[in-house]
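Undergrad:
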Amino acid sequence: MILYLRRLTGKERNERTDRHLARFLTFIAGAANAGGFLAVQQYTSHMSGIVSSMADHLALGDVGLALSGLGALLSFVAGAACSAILVNWGRRQGLQGEYAFPLVLEAILLICFGLLGGHLARHEALFVPMTVMLLCFIMGLQNAIITKLSEARIRTTHVTGLVTDMGIELGKLLYWNISGNDSDRLFVKADRRKLRLLASLVALFFIGGVIGAVGFKHIGFAATLFLAAILLVLASMPVLEDVSIRMKRLWQ
4 MILYLRRLTG KERNERTDRH LARFLTFIAG AANAGGFLAV QQYTSHMSGI
54 VSSMADHLAL GDVGLALSGL GALLSFVAGA ACSAILVNWG RRQGLQGEYA
104 FPLVLEAILL ICFGLLGGHL ARHEALFVPM TVMLLCFIMG LQNAIITKLS
154 EARIRTTHVT GLVTDMGIEL GKLLYWNISG NDSDRLFVKA DRRKLRLLAS
204 LVALFFIGGV IGAVGFKHIG FAATLFLAAI LLVLASMPVL EDVSIRMKRL
254 WQ
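FYI, the numbering for the sequence shown is 4 to 255, going by my numbering.
(1) In chain order, what residues of the same chain lie with their CB nearer than 6 Å to the CB of G212, ignoring the 5 residues before and after it?
(2) Give a yes or no on whether the C-beta atoms belonging to L28 and T150 are separated by under 7 Å.
(3) When you compare the CB positions of P105 and L77, do they come within less than 7 Å of one another, or not?
(4) Near V135, what residues of its chain come up, given a Cβ to Cβ distance below 7 Å and the 5 sequence neighbours on each side ignored?
(5) Determine the DSSP secondary structure at V131, reduced to helix, strand or coil.
(6) So which of I222, L165, I148 has the shortest CA-CA distance to D333?
(7) DSSP three-state label for I181, please.
(8) Taking the Cβ atom as the reference point for each residue, do L189 and I31 lie within a distance shorter than 7 Å?
(9) What residue range is occupied by the uninterrupted alpha helix (DSSP H) comprising I157?
(10) Cα separation between L119 and E154?
(11) Give every residue of the same chain whose Cβ lies closer than 6 Å to the Cβ of L138, excluding the five residues on either side of it in the sequence, and list them in chain order.
(12) Would you mind stating whether F224 and G117 have Cβ atoms separated by less than 7 Å?
(13) Quick one: Cα of V236 to Cα of A84, how far?
Structure representation (structure tokens):
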């Protein structure tokens with residue numbers, strides 16, 4: 004288990020660890036997104052919808068709601084930027100936890116949301132409640148993590164893209180190569196492994212959403228503490244290894 008966790012979020016990546024981590028993070032994204040909707044009455048990972056609503060509200064003359072959407076968008080972008088900064092800083096320092104540190108930050112923010120959500124909901128910044136800002140920041144942070152480590156091959160909050168890619172692979176799977184003499188360039192072949200991954204990510208986003216919604220319904224903001232615990236476990240080994248190395252250097 005220790006070796007698995009070290010490889011799961013460590014800097015040495017391969018396709019298998021990317022797939023496994025993506026599944027964990029997609030589940031968490033689904034839970035935070037759907038559960039968060041019950042808390043803040045807004046989906047916080049759906050930037051396409053937010054930008055579209057901004058345009059609608061602006062066209063209807065409702066500047067306040069348009070600015071609210073802008074605040075959510077900027078929070079998401081800030082989260083993604085923060086993730087990139089942490090990953091690049093960890094890489095420059097030669098840390099094992101270059102991808103784990105953003106996960107630790109996400110866990111800390113989810114803990115803050117779980118413990119202070121009721122209080123944060125009464126305050127606003129960038130024209131939106133602090134709870135919405137925090138969740139959008141977390142969604143941007145997480146999506147950027149998996150995007151960076153998979154070199155943009157996988158997303159965890161962008162279900163539209165996942166379903167689109169599923170459709171493409173299904174189209175390839177159902178395509179009938181009429182001629183057996185087709186050249187390699189013309190022969191159509193589905194990537195079944197990719198299709199299974201995409202299907203599992205969509206399913207886990209949905210399952211996470213159900214669990215997150217039920218959790219928020221029954222225990223409120225504290226439901227995010229469970230998600231934070233998962234993230235801390237995922238990130239634990241590379242971070243502890245980096246801390247151990249730094250402590251040994253201090254004592255030398």
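All C-beta atoms in this analysis are idealised placements derived from N, C-alpha and C, irrespective of residue type, glycine included.
TA: This is what the structure gives:
(1) G33, A37
(2) no
(3) no
(4) V43, Q45, T47, A75
(5) strand
(6) The question about residue 333 has no answer, for the chain in this structure spans 4 to 255.
(7) coil
(8) no
(9) Element bounds for I157: n/a, residue is neither H nor E.
(10) 34 Å
(11) G39, T47
(12) yes
(13) 24 Å
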